[in-house]
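Residue numbers (the working numbering): 532 to 721.
Where is the CB? At the ideal position from N, CA and C, for every residue including glycine.
The model shown is predicted, which means the values in this text are computed figures rather than measured ones.
Report on one structure; see the data block that follows.
This is the structure in structure tokens:
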């Protein structure tokens, strides 16, 4: 099983530390962090360019249900029922417009979420607490969190005390969620 498909939340803290070959007290060495950065690449969301207006419109118009409506409109025209054809086409245009607008808003929300990402992270490297750019985090880094910290990556907690995480940007839930380092979740939890 590759590191990317591993269900880290279902493993014990000891298993995670063993698999990632890291020590919670000393963290990774600078050399090992550099090697892992070369191996895994930067801690960044992979982006593909957003679809253009025309691509979004095409995607809306080639939806199976929309194609059925378009065929229905053509049949209505052939049968001379212009009013029904116009009504169907109005529905298709309205549906495509709403779809394109919603896709654009979702793209903007994703861009805003990316801007909220933490620019820096406190980690333990070579046995010392250091600040590194969040894009340089690697698997096995021991990341330190404190009140007000923006979580810089997907993390497996190894120690926590009274930890509450505000997940509104991910789930929409406005109430902070309690997190526990010693809690192993089932593999299908996530």
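Do you know offhand how far residue 637's Cα is from residue 540's? 28 Å
Would you mind sorting residue 532 into buried or exposed? The rule is 16 or more other CB atoms within 10 Å of its CB. The predicted position of residue 532 is uncertain, since its pLDDT is 44 and thus under 50; a value taken from the coordinates is nonetheless stated next. It counts as exposed.
Alpha carbon of residue 701 to alpha carbon of residue 679, nearest angstrom: 16 Å
Who does residue 664 pair with in a DSSP beta bridge? 651
Burial state of residue 553, where buried means 16 or more other Cβ atoms lie within 10 Å: buried
Please classify residue 708 as buried or exposed, where buried requires at least 16 neighbouring CB atoms within 10 angstroms. exposed
Output the boundary residues of the beta strand (DSSP E) element that contains residue 709. 708 to 710
Residue 675 and residue 654 - do their beta-carbons sit closer together than 9 Å? yes
Rounded to whole angstroms, what's the CA-CA distance from residue 563 to residue 665? Just pull it up for me. 16 Å
Contact defined as beta carbons within less than 8 Å: I believe residue 601 pairs with residue 623. What is the distance between those atoms, to the nearest angstrom? 6 Å
Residue 569: buried (16+ other C-beta within 10 angstroms of its C-beta) or exposed? exposed
Proximal residues to residue 631 (C-beta, below 8 Å), its chain only, five neighbours per side dropped: 584, 587, 588, 591
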